[in-house]
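K.L.:
In our numbering, the protein residues as written are 159 to 644. Positions of the beta carbon are idealized from the N, C-alpha and C atoms, including for glycine. Keep in mind that this is a model prediction, so the values were computed, not measured. This is the structure, below, for whatever I ask next.
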Amino acid sequence: MQANSINNKKVYDDFESMLNNKKRNNLLLVLKITLISFLVVFSGLILFFAPLTLFSNKLVDSKSINWFLDFSNPAFERINYIALFRIFLLLGIFLYTFIANFSNLINQREATRKYIVWFVIYLLFSLTSLVLLFTFFKKNIVDYYYLSLISVPLLAVDIAYLIYKFNLKKKTDPVNYKNKISMIISIISRTILVISFIAILSAWIFSKNALERNDFLNNNKIHNFFVELFSQRSIKNLFLMILFIVIIVVLIFLINIENIILVISKQGKINVIKEKILLFISLSFITLIWFIRTLFYKSEIELFKVSKNLSDYLYLIGIGLILLVLIGYLLVSFIKKLKVKGLLFNNIVFGFSIFLIWIIVAAISFLTEIKFNLNITILIATFSSLVILVIYRLKIANEAYYVSILLEAIIVLITLSLLISGLNSILLANSNQSFYLINSSLSLEQIFIITTIAFAFLFNIATTINLIVSLSKITKKENSQYLERN
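If you want it as structure tokens, here you go:
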């Protein structure tokens, strides 16, 4: 009788535990969908109102953007500094809080209900940055200094969350959270980064008296220092630039030291990286929808005119080849007789497909001078790449860390290539060719396209090396087994 009671109690406890897990998973799914939906809607608003949100057209009375990235005179230089600072600060906070919120949410899978407060706090920061992108267009530089102080409460929230997470994880995951060292290092690094940012801004703006602060570029020691650092070639400046880059890289490394240690020790949850890929794919799709809108700006519509030059139609061959790559990938993914088996072989087919698509885009970018032709090619290439990415993610459930990290980088670069091309279309429609005037033989679009190719190539190299190593191990094992039998 007592044994039956114990068994019934065990069954009841297991069932109750299963119900609790199901509730947690349902809540987690709802919060993930909510966050992705907000990201898609908010990002769509920012992109579709890009002349206002990204190009800050309200900073000038005419509301034009032909001044953007034009540093030819002091007035334009000043307004560009303000516009660029505004964009990078607010857009940086917008993206950071969404990505941090999503990563934290996945990390708190075992205590989703407790995370709701943090979820709302980070979402409020995202919403605040969105509202400011639409409304904050002050012309006084001191106002932007006060705007930058938004980084202080965000730092406080980050620190509070890190402490909360450590206290929670040392109970639920004591093996990986048995000491505070990595948390303390991360907190100190975040604090140094924010304090340095505020200190440089303070020195830049308040080094001049109150009457001259709006003229923050003229006879400003901090401004002159940075201009000389990046414009004058000397051993001293090269050393300072390398030192500056090293400090930034080290700080970023130390901020993420906890996650890096978990990855190195192979104790980290790959779910965080894998599910962040879903977040980036969602961002790519809304960027793709917005990009279609950029095809119909005034200057682009004029390019629909029929051309008598046959070379102007080379992009159609490129589009045809891209679609052939897509069809080929679909065939080896869904046709039973052609289906590729094995994780490493799937990685190679995926990497080669993405690499080939963007090689074609790069070729078209050099062969055509018609912006519309390049835009259509990028549109088809991005769509094909995203379809391939989604199919790959559905097929492959347990890819390695390096694969997930490179996938993230490739998705981000594809999205940036699309974004830069779309923004360039808006600028060209407003008689602004700033993206073609950079100090390089390549346009800004071509730089991002080539960088995408480089990461796709790196992906292929990494997966090929992994395949060779795996085949070598299998061969060695088979040889040793053969020798043992004989």
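In angstroms with no decimal places, state the Cα-to-Cα distance between Ile485 and Leu625.
P.N.:
Position 327 of the sequence shown holds residue 485. Position 467 of the sequence shown holds residue 625. One C-alpha to the other measures close to 25 Å.
K.L.:
Answer with buried or exposed for Met399, where buried requires no fewer than 16 other C-beta atoms within 10 angstroms of its C-beta.
P.N.:
As a working note, residue 399 is residue 241 in the sequence shown. It counts as exposed.
K.L.:
Determine the direct distance from the alpha carbon of Asn582 to that of Leu210, and round the result to whole angstroms.
P.N.:
On the sequence shown, position 52 is the one that residue 210 refers to. On the sequence shown, position 424 is the one that residue 582 refers to. Straight-line Cα distance between these residues: approximately 15 Å.
K.L.:
Contact between the region 190-210 and the region 241-260: three or more CB pairs below 8 Å?
P.N.:
With a cut-off of 8 Å, the region 241-260 and the region 190-210 count as touching, because enough Cβ pairs lie within range.
K.L.:
Can you tell me whether Ser630 is helix, strand or coil according to DSSP?
P.N.:
In the sequence shown, counting from the first residue as 1, residue 630 sits at position 472. Note: Ser630 maps to helix in three-state DSSP.
K.L.:
How big is the Cα-Cα spacing for Ile245 and Leu291?
P.N.:
Within the sequence shown, the letter at position 87 stands for residue 245. Within the sequence shown, the letter at position 133 stands for residue 291. Spanning the two alpha carbons is a distance of roughly 8 Å.
K.L.:
Hey, how far is the Cα of Leu616 from the Cα of Gly509?
P.N.:
Here residue 616 corresponds to residue number 458 of the sequence shown, with the count starting at 1. Here residue 509 corresponds to residue number 351 of the sequence shown, with the count starting at 1. Whole-angstrom Cα-Cα distance: 9 Å.
K.L.:
In the region 464-540, which residue ranges form an unbroken beta strand (DSSP E) of at least 3 residues, counting only runs that do not cross its ends?
P.N.:
As far as the region 464-540 is concerned, it has no whole beta strand (DSSP E) run of at least 3 residues.
K.L.:
For Gln266, does the count of other Cβ atoms within 10 angstroms reach 16, so buried, or fall short, so exposed?
P.N.:
Within the sequence shown, residue 266 is the residue found at index 108, counting from 1. Looking at its Cβ environment, which holds 16 or more other Cβ atoms inside 10 Å, Gln266 is buried.
K.L.:
On the CB-based measure, 16 or more other CB atoms within 10 Å of its CB, does Arg236 come out buried or exposed?
P.N.:
Taking the first residue of the sequence shown as 1, we reach residue 236 at position 78. Looking at its Cβ environment, which holds 16 or more other Cβ atoms inside 10 Å, Arg236 is buried.
K.L.:
Using CA coordinates, which residue listed in Ile477, Glu268, Thr621 and Asn215 is at the minimum distance from Leu185?
P.N.:
By one-based count along the sequence shown, residue 185 stands at place 27. Considering only alpha carbons, the answer is Glu268.
K.L.:
Could you pull out every residue in the same chain whose Cβ sits closer than 8 Å to the Cβ of Leu600, ignoring the five residues on either side in sequence?
P.N.:
Here the question's residue 600 lines up with position 442 in the sequence shown. For Leu600, where only same-chain residues beyond five positions count, the Cβ hits under 8 Å are Ile608.
K.L.:
Rounded to a whole number of angstroms, what is the C-alpha to C-alpha distance between Ala612 and Ile605?
P.N.:
The residue labelled residue 612 in the question sits at position 454 within the sequence shown. The residue labelled residue 605 in the question sits at position 447 within the sequence shown. Answer to the nearest angstrom: the Cα atoms are 10 Å apart.
K.L.:
For a quick check, are the C-beta atoms of Ile343 and Leu412 less than 8 Å apart?
P.N.:
Stepping through the sequence shown from its first residue, residue 343 is reached at position 185. Stepping through the sequence shown from its first residue, residue 412 is reached at position 254. The answer is yes: Cβ separation under 8 Å.
K.L.:
Considering only the beta carbon of each residue, do Leu571 and Thr535 sit closer than 8 Å?
P.N.:
Locating residue 571 in the sequence shown gives position 413, where the first residue counts as 1. Locating residue 535 in the sequence shown gives position 377, where the first residue counts as 1. No; because the gap between Cβ atoms is not below 8 Å, this pair is not in contact.
K.L.:
Since I believe Asn231 is in contact with Ile223 (beta carbons under 8 Å), could you give me their beta-carbon distance rounded to a whole number of angstroms?
P.N.:
The residue you call residue 223 lines up with position 65 of the sequence shown. The residue you call residue 231 lines up with position 73 of the sequence shown. With a Cβ gap of about 16 Å, Ile223 and Asn231 do not count as contacting.
K.L.:
Is the beta carbon of Phe295 closer than 8 Å to that of Leu585?
P.N.:
Sequence index remark: in the sequence shown, residue 585 carries index 427 (1-based). Sequence index remark: in the sequence shown, residue 295 carries index 137 (1-based). Result no, Cβ atoms of Leu585 and Phe295 do not sit closer than 8 Å.
K.L.:
Using only the alpha-carbon positions, how far apart do Phe283 and Leu359 sit?
P.N.:
Taking the first residue of the sequence shown as position 1, residue 283 is located at position 125. Taking the first residue of the sequence shown as position 1, residue 359 is located at position 201. Going by the C-alpha atoms only, they are around 21 Å apart.
K.L.:
Over the uninterrupted alpha helix (DSSP H) stretch that includes Phe383, give me the two end residues.
P.N.:
Along the sequence shown, read from residue 1 onward, the residue named residue 383 stands at position 225. First-last of the alpha helix (DSSP H) with Phe383: Lys379 to Ser389.
K.L.:
Quick test of the definition: if touching needs 3 or more C-beta pairs under 8 Å, does the region 479-494 touch the region 526-543?
P.N.:
Yes, since at least three Cβ pairs between the region 479-494 and the region 526-543 fall closer than 8 Å, the two stretches touch.
K.L.:
Helix, strand or coil: which one does DSSP assign to Gln604?
P.N.:
Against the sequence shown, residue 604 aligns to sequence position 446. Gln604: helix per DSSP, three-state reduction.
K.L.:
Just how far apart, CA to CA, sit Gly476 and Lys379?
P.N.:
Stepping through the sequence shown from its first residue, residue 476 is reached at position 318. Stepping through the sequence shown from its first residue, residue 379 is reached at position 221. Cα to Cα, the separation comes out at about 51 Å.
K.L.:
Which residues in the same chain have their Cβ closer than 7 Å to the Cβ of Ile563, if we skip the five residues on either side of it in sequence?
P.N.:
Mapped onto the sequence shown, residue 563 falls at position 405. So the qualifying residues of the chain are Ile431.
K.L.:
With three or more C-beta pairs closer than 8 Å as the rule, is the region 439-458 touching the region 498-512?
P.N.:
Too few Cβ pairs lie closer than 8 Å, so no.
K.L.:
What would DSSP say about Asp331, mapped onto helix, strand or coil?
P.N.:
Translated into positions along the sequence shown, residue 331 becomes position 173. Residue state, collapsed to three classes: coil.
K.L.:
Identify whether Phe462 lies in helix, strand or coil by the three-state DSSP scheme.
P.N.:
Numbered from its first residue, the sequence shown carries residue 462 at position 304. For Phe462, the predicted structure reports a pLDDT of 47, less than 50, and the residue's modelled location is therefore unreliable. The matter cannot be settled from this model.
K.L.:
Contact between the region 297-314 and the region 351-358: three or more CB pairs below 8 Å?
P.N.:
The answer is yes - the region 351-358 touches the region 297-314, with three or more Cβ pairs under 8 Å.
K.L.:
Helix, strand or coil for Lys434 per DSSP?
P.N.:
Counted from its first residue, the sequence shown places residue 434 at position 276. Helix at Lys434.
K.L.:
Roughly how many angstroms separate the alpha carbons of Leu394 and Ser220, rounded to a whole number?
P.N.:
Residue numbering aside, residue 394 sits at position 236 when the sequence shown is read from its first letter. Residue numbering aside, residue 220 sits at position 62 when the sequence shown is read from its first letter. Before going on, a small fix: residue 394 reads as Lys here, not Leu. Spanning the two alpha carbons is a distance of roughly 43 Å.
K.L.:
Taking Cβ positions only, does Ser222 come closer than 8 Å to chain C?
P.N.:
Of the chains in the structure shown, none is chain C; there is only one protein chain.
K.L.:
Quick one: what does DSSP say Asp228 is sitting in, helix, strand or coil?
P.N.:
Within the sequence shown, numbered from 1, the residue matching residue 228 stands at position 70. Residue state, collapsed to three classes: coil.
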